[in-house]
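**Q**
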Amino acid sequence: MQGKRTLLIMSLPIALALVIPLLALVQQPGAISLPEGDGAELVSTSCVGCHSLERTLSRGRSAEGWEQTVNGMVSRGAQILSADAEIIIAYLAEHFGVDFVPPREQRIMVWVDRQGKMEPLPAPPQHYYLPRLSPDTQQIAVEVHREKPDIWIYDIPTGEMRQLTHEGTNRFPLWSPDGQRVLFSSDRHQEASKGRRVFFNDHDVYWKSADGSGKAERLTYGELNHGPQRWTPNGKTLSFYEIHPETGRDIWMLPLQGERKPWLFLKTPVLEGGIAFSADGNWMAHTSEETGRREIVVRAFPKAQPMHQVSVNGGIEVVWPHQSKELFYRFGNKRMAVEITTTPTLTVGTPRVLFEGNYVNSPGSRASWDATPDGQRFLLLKKVE
Ligand code: HEC
265 MQGKRTLLIM SLPIALALVI PLLALVQQPG AISLPEGDGA ELVSTSCVGC HSLERTLSRG
325 RSAEGWEQTV NGMVSRGAQI LSADAEIIIA YLAEHFGVDF VPPREQRIMV WVDRQGKMEP
385 LPAPPQHYYL PRLSPDTQQI AVEVHREKPD IWIYDIPTGE MRQLTHEGTN RFPLWSPDGQ
445 RVLFSSDRHQ EASKGRRVFF NDHDVYWKSA DGSGKAERLT YGELNHGPQR WTPNGKTLSF
505 YEIHPETGRD IWMLPLQGER KPWLFLKTPV LEGGIAFSAD GNWMAHTSEE TGRREIVVRA
565 FPKAQPMHQV SVNGGIEVVW PHQSKELFYR FGNKRMAVEI TTTPTLTVGT PRVLFEGNYV
625 NSPGSRASWD ATPDGQRFLL LKKVE
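When we follow this note's numbering, the leftmost residue of the sequence shown carries the number 265, and every step to the right adds one.
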């Protein structure tokens with residue numbers, strides 16, 4: 265027993281040096297597999313009875329952390345001999361140390377037509393999020409989560425995929441109306457001296473040339489978190505969110521001409537997120553929690569009143585293409601279409617189901633799908649089974 269413990273302690277530093285090459289092994293797309301080694305067998309039999317291996321390996325831990333976890337499992341009823349527990353702890357610490365990043369869900373980008381017929385794009389499966397079609401529909405700006413989230417550009421005609429952002433964590437892509445730039449949220453300004461950057465502690469809006477040339481320019485400042493939402497149709501003003509500790513997500517406007525002085529459009533005690541403008545720029549649709557449930561509403565812009573409810577039993581992830589008579593949103597697994605006219609007065613039709621299907625949903629109110637300007641084809645994400 266004593267001899268074994270010494271051996272384990274001595275082998276740990278060597279083991280940690282091996283973590284990096286072994287990580288490559290575990291990070292194959294798809295399900296988690298256990299790298300070979302003393303303990304793999306034990307883990308595969310002792311740590312899967314009550315929950316999945318994915319749960320066991322949901323994040324990396326230090327040797328101490330694993331010791332606590334395994335002891336915790338024993339107190340929850342896992343029957344593990346103490347000698348086996350030591351082997352398990354050493355194995356987990358060796359292969360799933362603090363640097364371990366669990367493999368991400370693999371997704372593909374797909375076109376879906378109005379009948380719900382799906383056609384995959386030939387881009388490689390990755391952990392995609394928030395695909396955004398360029399104004400000319402030839403390119404897609406999308407979040408790709410590898411070691412960290414970054415913005416990538418996928419060129420539809422050539423199938424070429426290139427990384428646009430490198431420094432810091434970069435999320436929530438949005439094309440400029442002329443298609444020349446991509447906006448995103450980044451934590452790159454966080455001082456390295458304050459230790460590891462944490463995106464949700466402090467992020468602001470940046471933009472960068474879509475061809476990757478030049479430096480990114482920061483557009484928003486302040487203590488609170490900011491991210492890009494949509495452009496007014498005249499291309500002059502960017503709407504962005506601010507996450508406020510008391511009022512949740514509020515909607516701000518940033519004129520990109522003159523002094524670039526931001527102004528507040530909407531602040532209520534509840535969430536307002538996931539916005540889209542009408543083609544004439546006189547109305548803004550967004551997700552609101554004012555009724556106690558997330559619904560899509562349309563309100564006058566820039567006056568904010570009057571307001572009309574669009575969805576009926578709940579709605580989220582609004583998309584409002586500018587050459588389409590319809591506004592689209594998600595309700596559960598259904599993609600809904602509503603006819604809306606804005607001239608001479610606002611009329612809101614009855615929502616109907618356009619198509620239904622199991623696609624990747626946005627965890628929040630921001631749309632994680634997009635549509636062609638005519639509202640005939642949709643760009644969605646599909647999990648690779
Ligand atoms: C007898 C059933 C049982 C067995 C066997 C078992 N677990 Fe668990 N495990 C649980 C339960 C119950 C939870 C949920 C507890 C919670 O969420 O607080 C859990 C949760 C976890 C979690 C997530 C919670 C956390 O601490 O982050 C990890 C990691 C984990 N188990 C690791 C292991 C490992 C490693 C083994 C093998 C040594 C193991 N489990 C074997 C019952 C078990």
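Where is the CB? At the ideal position from N, CA and C, for every residue including glycine.
#1: Shorter than 7 Å, the distance from the beta carbon of T320 to the closest heavy atom of the ligand HEC, or not?
#2: In three-state DSSP terms, what is D577?
#3: Mind checking whether R563 and I580 have CB atoms under 8 Å apart?
#4: Within 10 angstroms of the Cβ of V376, are there 16 or more other Cβ atoms? Answer buried if so, exposed if not.
#5: Do R371 and F619 have their C-beta atoms closer together than 8 Å?
#6: Looking at the secondary structure, which residues open and close the beta strand (DSSP E) in which W659 lies?
#7: Starting from S660, follow the beta strand (DSSP E) in both directions and report where the run begins and ends.
#8: May I have the straight-line CA-CA distance separating L610 from I604, to the nearest angstrom?
#9: Given this structure, state the Cα-to-Cα distance separating G336 from L356, to the nearest angstrom.
#10: Given the structure, does I344 come close to the ligand HEC, in the sense that its CB is under 7 Å from one of the ligand's heavy atoms?
#11: Compute the minimum distance between the beta carbon of L298 and the heavy atoms of the ligand HEC, and state whether it is under 7 Å.
#12: How would you write the range of the alpha helix (DSSP H) that L317 sits in, first residue to last?
#13: Suppose the cutoff is 8 Å on Cβ atoms and the five residues either side in sequence are ignored; what does the same chain contact list for H467 look like?
#14: In the DSSP assignment, the beta strand (DSSP E) including W416 goes from what residue to what residue?
#15: Examine the Cβ distances between the region 492-504 and the region 469-484 and report whether three or more of them are shorter than 8 Å.
#16: Following a CB-centred definition, is V362 positioned closer than 7 Å to any heavy atom of the ligand HEC?
#17: Considering only residues of the region 424-454, which uninterrupted beta strand (DSSP E) runs meet the minimum length of 3 residues and lie entirely inside it, listed in chain order?
#18: Using a Cβ-Cβ cutoff of less than 8 Å, which residues in the same chain neighbour V338 once the five nearest sequence positions on both sides are dropped?
#19: State the Cα-Cα distance for the pair R513 and V561, rounded to the nearest angstrom.
#20: Could you have a look at E487 and say whether DSSP puts it in helix, strand or coil?
#21: Express the C-alpha separation of M548 and N622 in angstroms, rounding to a whole number.
#22: Between K412 and the rest of its own chain, which residues show a CB-CB distance below 7 Å, the 5 nearest in sequence each way excluded?
#23: Which residue spans inside the region 347-409 form an unbroken beta strand (DSSP E) run of at least 3?
#24: Contact check, A568 vs R494 under 8 Å by CB: the rounded distance?
#25: Using a Cβ-Cβ cutoff of less than 8 Å, which residues in the same chain neighbour M425 once the five nearest sequence positions on both sides are dropped?
#26: Express the C-alpha separation of E649 and P299 in angstroms, rounding to a whole number.
#27: Any chance the CB of T309 is under 7 Å from a heavy atom of the ligand HEC?
#28: What did DSSP end up calling F619 once you bin it into helix, strand or coil?
#29: According to DSSP, simplified to helix, strand and coil, what is A549?
#30: In terms of residues, what are the limits of the alpha helix (DSSP H) holding A327?
#31: Span of the alpha helix (DSSP H) holding S207?
#32: Going by alpha carbons, who is nearest to Q454 out of R340, G486, V408, I507?
#33: Cβ of G639 within 8 Å of Cβ of S575?
#34: Could you tell me whether any non-hydrogen atom of the ligand HEC is closer than 7 Å to the CB of H315?
#35: Output the distance between the C-alpha atoms of S363 and E407, rounded to the nearest integer angstrom.
**A** According to the structure data:
#1: Inclusion of T320 in the 7 Å shell around the ligand HEC follows from its C-beta lying nearer than that to a non-hydrogen atom of the ligand.
#2: Reading off the sequence shown, one finds Asn at residue 577, where the question assumed Asp. It is coil, neither helix nor strand.
#3: Between R563 and I580, the CB-CB gap reaches or exceeds 8 Å.
#4: Buried, since its Cβ has 16 or more Cβ neighbours within 10 Å.
#5: Remark: C-beta atoms of R371 and F619 do not approach each other more closely than 8 Å.
#6: Beyond the ends of the chain as shown, which are 265 and 649, falls residue 659; an answer cannot be given.
#7: Summary: the structure shown does not reach residue 660, with the chain confined to residues 265 through 649, and so no result is reported for it.
#8: Near 7 Å, if we compare the C-alpha coordinates of I604 and L610.
#9: Rounded to the nearest angstrom, the two C-alpha atoms are 15 Å apart.
#10: Within the cutoff, so yes.
#11: The nearest non-hydrogen atom of the ligand HEC is 7 Å or more from the C-beta of L298.
#12: Segment 317-320, the alpha helix (DSSP H) holding L317.
#13: Cβ neighbours of H467 beyond the five flanking positions: T433, R435, S449, S450, D451, N489, H490, G491.
#14: W416 -> beta strand (DSSP E) spans 413-419.
#15: Because the criterion of three Cβ pairs below 8 Å is met, the region 492-504 and the region 469-484 touch.
#16: At a threshold of 7 Å, V362 does not count as near the ligand HEC, since its beta carbon sits no closer than that to any of the ligand's heavy atoms.
#17: Listed in chain order, they are 425-427, 434-439, 445-450.
#18: Spatial neighbours of V338 in its own chain (CB-CB distance under 8 Å, excluding positions within 5 residues in sequence) are listed in chain order as I344, A349.
#19: Between R513 and V561, the C-alpha separation is close to 15 Å.
#20: Correct three-state label for E487: coil.
#21: Straight-line Cα distance between these residues: approximately 28 Å.
#22: Counting only Cβ-Cβ distances below 7 Å, and skipping sequence neighbours, we find T433.
#23: Taken in chain order, the complete beta strand (DSSP E) segments of 3 or more residues contained in the region 347-409 are 371-377, 382-384, 392-397, 403-409.
#24: In fact, because the Cβ distance is near 16 Å, the residues do not count as touching under 8 Å.
#25: Only A387, P388, W416, I417, Y418, D419 meet the Cβ criterion.
#26: Roughly 22 Å between the two C-alpha positions.
#27: No.
#28: Judged by DSSP in its simplified three-state form, F619 adopts strand.
#29: Three-state result, A549: strand.
#30: Annotation for A327: the continuous alpha helix (DSSP H) segment containing it runs 327-339.
#31: This structure cannot settle anything about residue 207, because the visible part of the chain is limited to 265 through 649.
#32: Checking every option, the nearest Cα to that of Q454 belongs to G486.
#33: Taking 8 Å as the Cβ cut-off, G639 and S575 do not qualify as a contacting pair.
#34: Here the distance from the Cβ of H315 to the nearest heavy atom of the ligand HEC is below 7 Å.
#35: Going by the sequence as given, residue 363 is Asp instead of Ser. Distance between the alpha carbons of D363 and E407: 22 Å.
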